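Structure first, commentary second.
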Amino acid sequence: MKEKTNWWATGLLFLGSFIIIIPLYMALIVSLKNPQQLAESILAVPDSFQFKNYLEAVKLTNYFQSLKNSAYVTLPTVAIVLVVNSMVSYAIARNMDKKYFKFLYFYFISAMFIPFPLIMLPLVKEMAMFSLDNLTGLILLYIVYALPLNVFIYVGYIKTLPKSIEEAAIIDGANVWQIFWRIIFPVLKPINATVAILTALKAWNDFLLPLLMISDRSSMTLPLVQHVFQSQFSTNYSLAFASYILALLPMLVVYIIAQKKIISGVMRGSVKG
Numbered sequence: 005m006k007e008k009t010n011w012w013a014t015g016l017l018f019l020g021s022f023i024i025i026i027p028l029y030m031a032l033i034v035s036l037k038n039p040q041q042l043a044e045s046i047l048a049v050p051d052s053f054q055f056k057n058y059l060e061a062v063k064l065t066n067y068f069q070s071l072k073n074s075a076y077v078t079l080p081t082v083a084i085v086l087v088v089n090s091m092v093s094y095a096i097a098r099n100m101d102k103k104y105f106k107f108l109y110f111y112f113i114s115a116m117f118i119p120f121p122l123i124m125l126p127l128v129k130e131m132a133m134f135s136l137d138n139l140t141g142l143i144l145l146y147i148v149y150a151l152p153l154n155v156f157i158y159v160g161y162i163k164t165l166p167k168s169i170e171e172a173a174i175i176d177g178a179n180v181w182q183i184f185w186r187i188i189f190p191v192l193k194p195i196n197a198t199v200a201i202l203t204a205l206k207a208w209n210d211f212l213l214p215l216l217m218i219s220d221r222s223s224m225t226l227p228l229v230q231h232v233f234q235s236q237f238s239t240n241y242s243l244a245f246a247s248y249i250l251a252l253l254p255m256l257v258v259y260i261i262a263q264k265k266i267i268s269g270v271m272r273g274s275v276k277g
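Per my numbering, numbering through the sequence shown is continuous, rising by one, with the last residue being 277.
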């Protein structure tokens with residue numbers, strides 16, 4: 005029997021796709037025009053594409069240095085978050101019957117409800133006191149800020165894993181570290197993929213923390229460079245949008261490739277055992 009098409013859901017999907025695609029289309033088209041073509045029409049496809057806008061944007065924004073800075077922040081952040089957050093979550097998930105670990109769980113989760121503007125200025129002053137108002141300081145802050153949401157995701161998933169495998173490993177003489185690294189961590193692959201991608205998107209695209217922490221032009225990340233670039237070339241929309249596309253492109257590609265892992269991982273993490 006042929007299934008009926010859910011036209012309401014299909015219509016909403018088309019509407020959502022339209023809302024997302026139109027701004028991306030406009031940004032791409034504007035970035036490929038010169039000022040004269042832009043004055044004639046914003047939405048029309050130009051007769052000749054101005055790819056030199058991208059070359060000029062790369063030169064003016066020192067793109068590859070900013071790309072290097074963003075990668076320097078993002079890659080260590082993701083690696084450390086996967087290790088530290090999964091270990092913390094495993095300890096909590098397997099000891100939720102104890103008051104101390106239950107308190108830790110809700111303590112970490114409660115951090116998601118603290119507005120960042122409330123702690124913004126004290127945090128920046130404290131990081132400056134320890135000479136951590138730099139890229140290394142950004143890595144430490146991203147690791148700490150990732151903990152609440154990741155604990156929530158990891159614990160929900162780990163609680164669904166049967167304890168029988170761990171008990172069998174204990175009988176065979178395995179200690180806690182061996183159990184985690186040889187049994188639990190490999191099983192966490194779907195959640196690790198989700199956490200890695202979400203953490204990478206956050207660290208790569210964040211603007212506010214680098215704005216508050218970084219003052220050295222050579223240490224600026226891609227989003228921060230776009231802000232400085234826009235203030236200098238706010239009237240040259242073609243160059244500005246070319247720089248936006250260049251900043252967006254790396255994470256957009258990563259997200260498109262890994263979007264299925266994000267969705268499946270979140271769905272698995274939301275299941276309670």
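The beta-carbon is built from N, C-alpha and C at its ideal position, and this holds for glycine as well.
No experiment lies behind these values; they were computed from the predicted model shown.
query                                                                                                                             : result
C-beta contact flag for Ile108 and Ile123 at 8 Å                                                                                  : Before going further, note that residue 108 is Leu rather than Ile in the sequence given. Not a contact, by the Cβ cut-off of 8 Å.
Distance CB(Val191)-CB(Ile157) smaller than 8 Å                                                                                   : no
From Gly20, Leu213, Val155, residue whose alpha carbon lies closest to that of Met100                                             : Val155
Contacting residues, own chain, Cβ-Cβ under 7 Å from Phe245 (five flanking each side not counted)                                 : Ala31, Val34, Ser35
For Gln40, the three-state DSSP class (helix, strand or coil)                                                                     : helix
Pairwise C-alpha distance: Thr203 and Ala75                                                                                       : 13 Å
Which listed residue (Ile143, Phe18, Leu125, Ala178) has its alpha carbon closest to that of Val85                                : Ile143
Whether Leu256 touches Asn57 by CB criterion (8 Å)                                                                                : no
Distance between Ile24 and Ala280 (C-alpha atoms, nearest Å)                                                                      : Past the boundaries of the shown model lies residue 280; the chain is included only from 5 to 277, so the question cannot be answered.
Three-state class that DSSP yields for Lys163 in the structure shown                                                              : coil
Contacts around Met131, its chain only, beta-carbon distance under 6 Å, and the 5 residues preceding and following it disregarded : Asp137, Gly141
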